[in-house]
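In terms of my numbering, the sequence shown opens at residue 48 and continues consecutively.
Built from N, CA and C at the ideal position, the CB exists for glycine as well.
Here's the structure we're looking at; comments come further down.
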Amino acid sequence: MKNKIIYILLMCFIVCSTLTSCTDYLDRDSDSVLSEEDAFKNFNNFQGFIEVMYNVIPDVAKHNWVSSFNWGEDEVITTGNGENLMGYAIDGGNYRSYINKGDCFLDRPWAVDQRPGSGGARFDKALWGGGWYAIRQANLGLEALEKGMLKDATLEEQNFIKGQLYFFRAWFYFQLTSYWGGLPYLESALAPDAQFNLPRETYQENAEKMAADFQRAADLLPIDWDNTATGSRTKGNNALRPNKIWALSYLGKTLLYAGSPLMENGAENNNRSYNSEYCKRAADVLGQVLNMVESNQTQYALVDFDKYSTLFYTKEQNWLMPGGTEAIMRSPTYGADSYWRQMNSYQLQAICEGDGIILCPAANYVNYFGMQNGLPLDDPASHFSRSQPWKDRDPRFYNNFIYDGVKMIKSPSSFKEYEYANLYEGGNCCDDPRKTSRTGYFNYKFIPLGANKDDADYGYGKATHFHLSWLRLAEVYLLYAEAVAQGYGSANSNSATFPKSAVYAVNVIRERAGVDPVADSYTNDLEKFMSEVRRERAVELAFEGHRFHDLRRWKLLTEYPYNIKTMQKFDRAEAFDPEADPKERKVVNFREEIVTQRKLSSKHYWLPFKTEDVTIYPEFYQNPGW
48 MKNKIIYILL MCFIVCSTLT SCTDYLDRDS DSVLSEEDAF KNFNNFQGFI
98 EVMYNVIPDV AKHNWVSSFN WGEDEVITTG NGENLMGYAI DGGNYRSYIN
148 KGDCFLDRPW AVDQRPGSGG ARFDKALWGG GWYAIRQANL GLEALEKGML
198 KDATLEEQNF IKGQLYFFRA WFYFQLTSYW GGLPYLESAL APDAQFNLPR
248 ETYQENAEKM AADFQRAADL LPIDWDNTAT GSRTKGNNAL RPNKIWALSY
298 LGKTLLYAGS PLMENGAENN NRSYNSEYCK RAADVLGQVL NMVESNQTQY
348 ALVDFDKYST LFYTKEQNWL MPGGTEAIMR SPTYGADSYW RQMNSYQLQA
398 ICEGDGIILC PAANYVNYFG MQNGLPLDDP ASHFSRSQPW KDRDPRFYNN
448 FIYDGVKMIK SPSSFKEYEY ANLYEGGNCC DDPRKTSRTG YFNYKFIPLG
498 ANKDDADYGY GKATHFHLSW LRLAEVYLLY AEAVAQGYGS ANSNSATFPK
548 SAVYAVNVIR ERAGVDPVAD SYTNDLEKFM SEVRRERAVE LAFEGHRFHD
598 LRRWKLLTEY PYNIKTMQKF DRAEAFDPEA DPKERKVVNF REEIVTQRKL
648 SSKHYWLPFK TEDVTIYPEF YQNPGW
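Following this line, the structure appears as C-alpha cells:
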C-alpha cells in the first residue's frame, strides 16, 4: 500500500524503489503509513496528502549556496568557480549540463525530500523529478475523489481539495513544458507495472489541457482562503495556498505562451507572429484578474515604490517572507540561509565571505533601463548622455544597480578602499574577472546596503530573507498588455473583460516607479509598442528568472543583440568627490565591449531530455538537434 500511495514518477513510470535515495523514506514502520482509506477519508487527512505537492515546488533563489537561475542575456558570471554554474553552461550552449547539476533546480538524482526536519531540503527540490511526482500525486488524489473516498467533508472542503489538485497538475505541467516543450499529458495515475507509450503532444495540445485544469481550479477555489469556513482554521497562514487568482493568472499566462511565436511557429524558421486567438483568450482571462484586483475584490495590490525592495528581501522582520500584497504565487521557503546569497552572489568578492562567484548584470541588459521620461536610451528624444550615463534614469535603475561611485559600505574600517564602487577602467571593483565585476555593474536589487563583512549588517541575527515570487501582480499587468496588443491588434485596445488598454497596463507599472508613460510615438505602431512591452518586462522583472523564457518564446534567443553580453568601460572625467551625487558624475571615453557571444542555434529553444528517457519508447522522442 505504501508503494501504491507514495512513490515518485520520474519519466512517468519509474518506481521509487529503483532510486537509492528513496530507501530511508520508504522504509518506515508499517504503523506510520496511512492506508489508502485513511489517507483520503476527511479534509485534514486529504490536505496532508496534498501538502507534499507544495513541498516539491523549488525555491529557485535558495536552491543552492550560489543559485544560477537567470539564463537570458541578463547576467555575466565571474570566471573560475563561476564556470561551474548552469548560467555559464547556457552561454556556451551546453544545455545538457542541467542533468544532476548542483546549482540548477531542474534536476537532481533525488528530487523530492519529504523527510521532516531535513536540513538540506532546499538542495533536493528539482523540477524534473519533483514535477512528475506532483503530477502523479494530483492524479491519485483526483481518482480518490472519483471513487468517493473523501467521505467526511463539506462541499466547500471537497471543492478546495479538488481545486488544489487541478491547479498543481496544471502548474507543474506549465513549468515542465516551458523548458522541454510538449509532453505526454497524464490524467490518470499509472500503475507501477503499466506499459506506457503515450506520445508527446505539441505544446499547444498540452496548453489546452493545462488551460482546462486551471479553469477547473479557478471555478473551485476561493479568492481568499481566509474568508472561508475551511480556511478560517488556518487564517493568516493561507497566503501560499492556490486560489482563484493564482489559477486565472496562470491560465492567462498559459494561453499567452501558447500563442507566442515559438509555440505557434516552431524554432526552425524566422516567423515571429503570434496566434491572435490564443492571445485574445489570454487577454480576457487576465482582464478578469485585473478587474477583480482594481475593484478591490482581492487581497492583491501593487506595493508602493518606497517599499519596492520588500518584494525581494526583508530584514529584521522575524523572517517575514518577501512579496507583500504583490506576490501572487510563492514557493515555501526551505531554510533561512538567505543572507549567504545576498552577501556573496551579487557583490565584490573582497567584502564578502564567498567563493569567488559574482552574478553581474550585463551592461547591455542594464541599457534596457531607459530614462525617467519613459524613453529608451536609443531614442534621440530621451536625452541620454554618454558623458553622464547615470543621470535622469528610470528610478528602478537606481534600485537595481551599483554603478560607479555608489556607496557600498556604510561604515568602512577594514575595507576603506571599497567604500565606494570604483567601476571605472582600472578601478579595484572591475580589475579581476574572477573576483570583481566583469561588466561595470553590480546587482543592487537583492542587496541591502550593509550586507558585507565590514558593516556585518546581515545574517541570522538580522533575519535577512531573500525570496522570489513565481508570479507577482506586476507581471500580470505586463502579460495583459502583451496579450491585448497581440490579440486585439493595438496598444489602445482592451479585452472583453477589462475596460482598460494595453498601454494602460504598462503605464500602471511605470507610474508606480515614477517613470513617464509610454510615449505616443510608441503607442500608434504595434511593433514599436511591443518593443516597449518587451523592454518593460526586462526592467520590471529583471533577474527574477523570466528573461530566458521570454527570449525563447519570442524567438529572440539566438538573434543579435540578444545573444551577446557586454561590459561598459570609461574614465572618470573629474577627481572623485565622495560628497557628490553619483548620478551626476561625468565620464569620458565611454564605450561598450562584448564580454561573451552566446553559442546558440535553433536547437537551444528547448532543453534536451536525458538520453535514458528518450530511449524508453519511440513515442517519447528527443527535442530537435539534440
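Contact set for residue i: own chain, Cβ-Cβ below 7 Å, skip 5 residues either direction
i: C59; result: Any reading at C59 needs caution, since the residue's pLDDT is 33, under 50, leaving its predicted position unreliable; the model's value is listed next. Same-chain partners within the cutoff: W179, P231, L233, L237, F243.
i: A510; result: K362, E363, Q364, N365, W366
i: T357; result: V350, P369, G371
DSSP three-state assignment for residue i, whether helix, strand or coil
i: D618; result: strand
i: M418; result: strand
i: P427; result: helix
i: V635; result: strand
i: A259; result: helix
i: I449; result: strand
i: H512; result: strand
i: A136; result: helix
i: Y360; result: strand
i: Q435; result: strand
i: E666; result: coil
i: D199; result: strand
i: P163; result: Confidence at P163 is low in this model, with a pLDDT of 43, below 50, so the placement of that residue should be treated as unreliable; the coordinate-derived value is given next. Here P163 sits in coil by DSSP.
i: T301; result: helix
i: L223; result: helix
i: S548; result: strand
i: Q644; result: strand
i: R247; result: coil
i: R440; result: strand
Outcome for residue i when other beta-carbon atoms lying within 10 angstroms are tallied against a minimum of 16
i: N571; result: exposed
i: K454; result: exposed
i: D402; result: exposed
i: N414; result: buried
i: K148; result: buried
i: S518; result: Inspection of the sequence shows that residue 518 is occupied by Leu rather than by Ser. Classification for L518: buried.
i: F411; result: Looking at the sequence shown, residue 411 is not Phe but Asn. Per the 10 Å Cβ criterion, buried.
i: D451; result: buried
i: S296; result: buried
i: V635; result: exposed
Pair within 7 Å by beta-carbon distance, residue i and residue j
i: D441; j: V332; result: no
i: L268; j: K291; result: yes
i: L187; j: K209; result: no
i: Y471; j: F623; result: no
i: Q211; j: P289; result: yes
i: I182; j: F219; result: yes
i: F545; j: G334; result: yes
i: A314; j: S649; result: yes
i: R485; j: M614; result: yes
i: A329; j: N447; result: no
i: L395; j: E122; result: no
i: F93; j: L197; result: yes
i: T345; j: D106; result: no
Residue i, enclosing beta strand (DSSP E) - first and last residue
i: N469; result: No beta strand (DSSP E) holds N469; DSSP gives it neither H nor E.
i: I124; result: 122-124
i: P408; result: 406-408
Cutoff 8 Å; reference residue i; Cβ partners in own chain excluding five residues on either side
i: F513; result: A108, K109, F359, Y360, P369, S385, Y386, R388, Q389, F493
i: S461; result: K500, D501
i: Y569; result: A538, K575, F576, S578, E579
Enclosing alpha helix (DSSP H) for residue i [first to last residue]
i: M100; result: 90-101
i: M339; result: 323-341
i: M577; result: 573-587
i: I375; result: Counting along the chain, I375 falls outside any alpha helix (DSSP H), though it belongs to the beta strand (DSSP E) covering 374-376.
i: F656; result: Careful: F656 lies outside any alpha helix (DSSP H) and carries neither H nor E.
i: M390; result: 385-391
i: L153; result: Taken as a continuous stretch (DSSP letters only), L153 belongs to no alpha helix (DSSP H), as it is neither H nor E.
i: E308; result: The amino acid at residue 308 is misidentified as Glu; the sequence shows Pro. Where P308 is concerned, the enclosing alpha helix (DSSP H) stretches over 308-312.
i: H596; result: 594-600
i: G178; result: 174-193
i: T570; result: 567-570
i: E84; result: 83-87
i: L526; result: 520-535
Distance cut-off 6 Å: residue i Cβ against heavy atoms of the ligand ZN
i: F637; result: In the structure shown, the ligand ZN is absent, as is every other ligand, since no ligand is present at all.
Cβ shell of residue i (< 6 Å), same chain only, five flanking positions each side left out
i: G278; result: W272, N285
i: V553; result: A528, V565, E583
i: W118; result: G134, I137, F595
i: L132; result: S115, I124, D150
i: S307; result: R600
Within-7 Å CB hit, residue i to chain D
i: D171; result: No chain D is present in this structure, which holds just one protein chain.
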